[in-house]
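*Asks:* Each protein sequence line maps, in turn, to chains Y, R, X and A.
Taking this note's numbering, the leading residue of the first sequence gets 1, the next gets one more, and so forth.
Taking this note's numbering, the leading residue of the second sequence gets 305, the next gets one more, and so forth.
Taking this note's numbering, the leading residue of the third sequence gets 609, the next gets one more, and so forth.
Taking this note's numbering, the leading residue of the fourth sequence gets 913, the next gets one more, and so forth.
We put the beta carbon where it would ideally sit given N, CA and C, even for glycine.
The structure displayed is predicted, hence computed values, not measured ones.
There are 4 protein chains.
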Amino acid sequence: MNYQHILESIYDEIRPFEKEGKQADYIPALAKVNPDQFGICLTTIGGTSYKLGSAETRFSIQSISKVFSLAYALGILGDDIWRRVGKEPSGTAFNSLVQLEFEHGIPRNPFINAGALVVADILLEHLDNPEDDYLRFVREISGNPTIDYNIEVATSERESGYLNAAIANLLKYHKNINGDIEKVLGFYFKMCSVEMTCCDLSHAFLAFANHRKPFSFSSVNLTASQVKRINAIMQTCGFYDEAGEFSFLVGLPGKSGVGGGISAICPLRYSVTVWSPRLNKKGNSIMGIKALELLTTKTKESIF
Amino acid sequence: MNYQHILESIYDEIRPFEKEGKQADYIPALAKVNPDQFGICLTTIGGTSYKLGSAETRFSIQSISKVFSLAYALGILGDDIWRRVGKEPSGTAFNSLVQLEFEHGIPRNPFINAGALVVADILLEHLDNPEDDYLRFVREISGNPTIDYNIEVATSERESGYLNAAIANLLKYHKNINGDIEKVLGFYFKMCSVEMTCCDLSHAFLAFANHRKPFSFSSVNLTASQVKRINAIMQTCGFYDEAGEFSFLVGLPGKSGVGGGISAICPLRYSVTVWSPRLNKKGNSIMGIKALELLTTKTKESIF
Amino acid sequence: MNYQHILESIYDEIRPFEKEGKQADYIPALAKVNPDQFGICLTTIGGTSYKLGSAETRFSIQSISKVFSLAYALGILGDDIWRRVGKEPSGTAFNSLVQLEFEHGIPRNPFINAGALVVADILLEHLDNPEDDYLRFVREISGNPTIDYNIEVATSERESGYLNAAIANLLKYHKNINGDIEKVLGFYFKMCSVEMTCCDLSHAFLAFANHRKPFSFSSVNLTASQVKRINAIMQTCGFYDEAGEFSFLVGLPGKSGVGGGISAICPLRYSVTVWSPRLNKKGNSIMGIKALELLTTKTKESIF
Amino acid sequence: MNYQHILESIYDEIRPFEKEGKQADYIPALAKVNPDQFGICLTTIGGTSYKLGSAETRFSIQSISKVFSLAYALGILGDDIWRRVGKEPSGTAFNSLVQLEFEHGIPRNPFINAGALVVADILLEHLDNPEDDYLRFVREISGNPTIDYNIEVATSERESGYLNAAIANLLKYHKNINGDIEKVLGFYFKMCSVEMTCCDLSHAFLAFANHRKPFSFSSVNLTASQVKRINAIMQTCGFYDEAGEFSFLVGLPGKSGVGGGISAICPLRYSVTVWSPRLNKKGNSIMGIKALELLTTKTKESIF
């Protein structure tokens, strides 16, 4: 498969859409990103990377971090994690308090904000130095020791994060947060603030694409079955209220972030990360989704 | 792969659960089925079938019919069908009127009852002899010309089907049913009443497992892309409010029915149907889910 | 108190609003009513009536009928009625199915459609000739033997009444309708179709205004306490999702209808009915609410 | 009317229920109150008080404070207050976040927690020394200069008040809280922590019972119309999700608190406060509601 050629033809096809949508602007650090950027990096299971555009530019990974934090917490707790968070699609906007109230504090899945806050609480409970430990894992899985938090982004999100604070308080009310609310929110926003490139993420997600190779890092070890189950959750819950649409159009497990990034995997074939800041109304990158749709169409490789 | 051996070892492992759960009993015809039955049939893409237990016993396919009706309607309308029904997981019980009211009459997906009623309305609008045409398609796709409706079941469901009648009226109120409500309900229940064996269904679902072969029947033709998209919807929406759990445990697109059947596919490898009437609280066959979970574990073949 | 003078000064003050709002037009019979009409009739506890405008013109009483049907059913069942219908304000639009689903088929109160359908079912269960008996009661309480159903309106509502049919089916599903759904809907719409004048209604509501006089009619007898309790429900639930606003502005128990009528009472003082077809967004008569607000302001007579 | 005799006969009738229900115990200060207390104080519009039982024992007024804070804020803002809070019954539990989310941060009424938090925010915005000013008003309206906050109760509620913190954050997210969340919560809980006796509250509510006398205090002045409108809101929204039931059983505007107190008024006749810590499932005092029901039955004085 000539992936480089495919990436180029994809880019030609999606350029007409490069001014559609608007980047996230609820915090200054995201608002000031140049929205007219596009990057993609595909890494095959053999380890070869193909890239195009701003594939080496760092961006705020935001909710893509939820995959790493879930992997870490699953490694610690194993199946006990499912006592505190579900694995069903939410069927509503990603930040809905309604469902949380009806379901008495058990978030529907670890990829909505409520679920990720519970996961953050779990990591805080079990790690000696949560911020250092988490960063070490992300650096190791992506093979890039220079990856770091963006403190400005984390602080800025924390200061305006009233909705997440509402969710955290509701979780605490339902006794599904054990730690201090401020610490959980602080850690959650820090994890979201990590900055990575398409190539960093593509490298990191390769660990999820190849369940035949041990998922083994200094502090996080998962079985093949656990890796596949994270993929299953990415498939049904990875795109806020657009998981069905993404599954339908693209047919790959993946996770998007409000910074404009999308990481996805084609099991036993490749991992891919695309980035472009302009979002659709559901909060997913417009060019990103189009690029991935074309990728599975042109390669005829999807999970279905 | 020695599938026959695998089926046998699965059966040994799940026998301890054979008395768990209770069959559907809201209509007499379902209540009188012997609940202590189990059958499974796996058909490889090459056409070989492996079976075990009551694989040749007919049962009420119920909601599995929603896959056939969606395929038929998609063949007729193409992407226009998505104007009338969504493709997102529902996130609530399969029969919820709540979401329908909030979303002004557009069902979340074609596999909840509301969505299947809209699909039934579409078929009634476009087919000359809907009941005959539909039956012909099901017979053809399963290769069994003796398959038929069970009129007693259909009548009985219609008579007690107040919740579905409420949904149909709500859809009509929101102008998402064009035909006569009674006719739509009647046709919907007839499609659910079809009786098939595990082997019939396994044969039928092979058409969804192999998108490299044309999906071409006398009245229904789908592109490879359309077939894959039906699979994507089975993956995210095929198991009522347990789609995430099934995706997590089994990792295959599929569809369950309240009669105790589950049909699933492993793309480009096989289709499989399992049947056992005892259901869990979410309405899915207990032994059926366990059998499929073991199948993907033992074969190491899943989509992830 | 010079009520006639007060009515005239009210009319002067509200004339600037006479073109605001739009009449109900979901059925032809309501759409063709001349919207530029206004009538009011106030009847004191002593029996004197004061009227102005189209006070002798018949209009469709619609939901005002829910007061009569509740009185009838309460006379039959006594407090047992509260096993099948609540007495709390609904807090949502009058036709919401959501709350009904969450509360398993027990409508919040007898003045939302769901509650009135349950009341209709109760009357059908207990009356020999429901339609005749109900009409006899309405004629007797209003002192006008010529009052009648409008068959055209009833039929027309039934034919387009998909939302009410959805509600009735949902109630039946939850076993809170015992009779045949079609009969319940037919009787419900007939009761709504009754046509009365402001003076008819004013006379009829006098029976609720004076709990010191026996509420005693050929087939319906209520205690003083029961009369007061119907007033309490009118106070908290009589105006769809605007009960609080009406209580706040007007301060009298009352009941509105989509035909543009509002009947209200000032206990131990008077009953009053106002009619004007143009409605606000919540479905209540614009001039009607303004007139009643001015009435309690000018007379300084409210319940608070 | 021999009120003293009536109070005594009421007490005889309700004694059989004196062990029913359970006091609030979510904070230690409420849990340690002796639950077996009952007090009642009725003050006529002429100024005579009748009392029985622990009518001079101080208790935590909790949500009864919402009437005072509403009066204060209404005096400051006039009708502009209704831009930030509604006046409709909530139709759900008093602490529901659901409705708040659907209605984009505008609480249904000032007597649910969300509404009272907005009122607290208004007071913080407009008063120089909110805590002093508020306390001065409560002391003045009740004629008791020794009334005070209970700091232990306020602190204890603040520390465990995750649900209210969730609500406050959600209000802030919807831009319906202008001040600092911690300050709003702190002030809100302080207002709830005020301790008063039945006689204090009875005296204070007399100002709402008599709209013919100016509602005029050093810092709060309301028109007769504003007083009546506060009564209207007490009528439709004063008892959490039991407003309809209370209106039905008792027929008086009032407000309950989780400390076991209920204050109510019979306009132009009397105000009454009853206190008994044991609550029903909706959070209202069991003996309190029974006592008031008997009071309106025995006096034949209700607003209906």
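(1) Run through DSSP, which three-state label would D756/X get?
(2) Using 10 angstroms around the beta-carbon of K494/R, count the other beta-carbons present and answer buried if the total reaches 16, otherwise exposed.
(3) With a threshold of 8 angstroms between beta-carbons, can T601/R be considered close to chain X, or not?
(4) Taking Cβ-Cβ distances shorter than 9 angstroms, what residues in chain Y pair up with C345/R?
(5) Note down, in chain order, every chain A residue with its Cβ under 9 angstroms from the Cβ of L97/Y.
(6) With A1078/A and A166/Y assumed to form a contact (beta carbons below 8 angstroms), what rounded beta-carbon distance in angstroms separates them?
(7) Can a CB atom of chain X be found closer than 8 angstroms to the CB of I1215/A?
(8) For Y134/Y and chain A, any beta-carbon pair shorter than 8 angstroms?
(9) Taking Cβ positions only, does I614/X come closer than 8 angstroms to chain A?
(10) Quick one: what's got a C-beta closer than 6 angstroms to F94/Y's C-beta in the same chain, skipping five residues either side?
(11) When you compare the CB positions of L170/Y and V118/Y, do they come within less than 8 angstroms of one another, or not?
(12) Listed from N- to C-terminal order along the chain, which residues in the stretch 530–543 of chain R have their beta-carbon within a distance smaller than 7 angstroms of any beta-carbon of chain C?
(13) Return the chain-ordered ranges of every alpha helix (DSSP H) run that is complete within the stretch 468–549 of chain R and spans a minimum of 4 residues.
(14) For G288/Y, count neighbouring C-beta atoms within 10 Å of its own C-beta (all shown protein chains included) and say buried if the count is 16 or more, exposed if not.
(15) Quick one: using the 10 Å Cβ neighbour count with 16 as the cut-off for buried, is Y971/X buried or exposed?
(16) When you compare only the Cα positions, how much space is there between P697/X and P718/X?
(17) Identify the residues that DSSP records as bridge partners of K559/R: which are they?
(18) Assuming Y376/R is part of the alpha helix (DSSP H), what are its boundary residues?
(19) Please go through the same chain and pick out, in chain order, the residues whose beta-carbon is closer than 6 angstroms to the beta-carbon of A840/X, but skip the five residues on each side of it.
(20) G78/Y: buried (16+ other C-beta within 10 angstroms of its C-beta) or exposed?
(21) Among D924/A, A1155/A, L1035/A, which residue has its Cα nearest to the Cα of L986/A?
(22) Counting pairs of Cβ atoms below 8 angstroms between the stretch 41–53 of chain Y and the stretch 271–279 of chain Y, do you hit three or more?
(23) Is DSSP giving G896/X helix, strand or coil here?
(24) Identify each residue in the stretch 1100–1129 of chain A for which the Cβ-Cβ distance to at least one residue of chain Y is less than 9 angstroms, and report them in chain order.
(25) If we ignore side chains and look at the alpha-carbon of each, how far apart do L263/R and D425/R end up?
(26) Return helix, strand or coil for M609/X, following the three-state DSSP convention.
(27) Is the beta carbon of S1072/A closer than 8 angstroms to that of Y860/A?
(28) Grouping DSSP H, G and I as helix and E and B as strand, with all else coil, what is L431/R?
(29) Since Y270/Y sits in a beta bridge, which residues does DSSP pair it with?
(30) 8 angstroms is my cut-off, CB to CB: does L1075/A come that close to chain Y?
(31) Is there a Cβ from chain R that is less than 8 angstroms from the Cβ of Y781/X?
(32) Would R212/Y be called buried (16 or more neighbouring beta carbons within 10 Å of its own) or exposed?
(33) When the distance is taken between beta carbons, is G563/R closer than 8 angstroms to F363/R?
(34) Under 8 angstroms between C-beta atoms, does N829/X make it to chain A?
(35) Taking only three categories from DSSP, how would you classify L1029/A?
(36) Look up S446/R in the DSSP assignment and say whether it is helix, strand or coil.
*Replies:* Checking against the coordinates, here is how it stands:
(1) strand
(2) buried
(3) no
(4) Correct list: empty, because the minimum Cβ distance to chain Y is about 21 angstroms.
(5) L1009, V1010, L1012, E1013, A1078, L1082
(6) 5 angstroms
(7) yes
(8) no
(9) no
(10) Only weak support exists for where F94/Y lies, its pLDDT of 44 falling under 50; the value from the coordinates is given anyway. Cβ within range, chain order: I112, Y240.
(11) no
(12) The chain inventory of the structure shown lacks chain C, comprising the protein chains Y, R, X and A.
(13) 485–497, 502–513, 528–541
(14) buried
(15) Nothing about residue 971/X can be reported from this structure: the residues present for chain X run from 609 to 912 only.
(16) 10 angstroms
(17) S567/R
(18) 369–381
(19) none
(20) exposed
(21) L1035/A
(22) yes
(23) helix
(24) none
(25) A query on residue 263/R cannot be resolved here, the shown segment of chain R reaching from 305 to 608 and no further.
(26) coil
(27) Since the first and last residues shown for chain A are 913 and 1216, residue 860/A lies out of range.
(28) coil
(29) T44/Y, C266/Y
(30) yes
(31) yes
(32) exposed
(33) yes
(34) no
(35) helix
(36) helix
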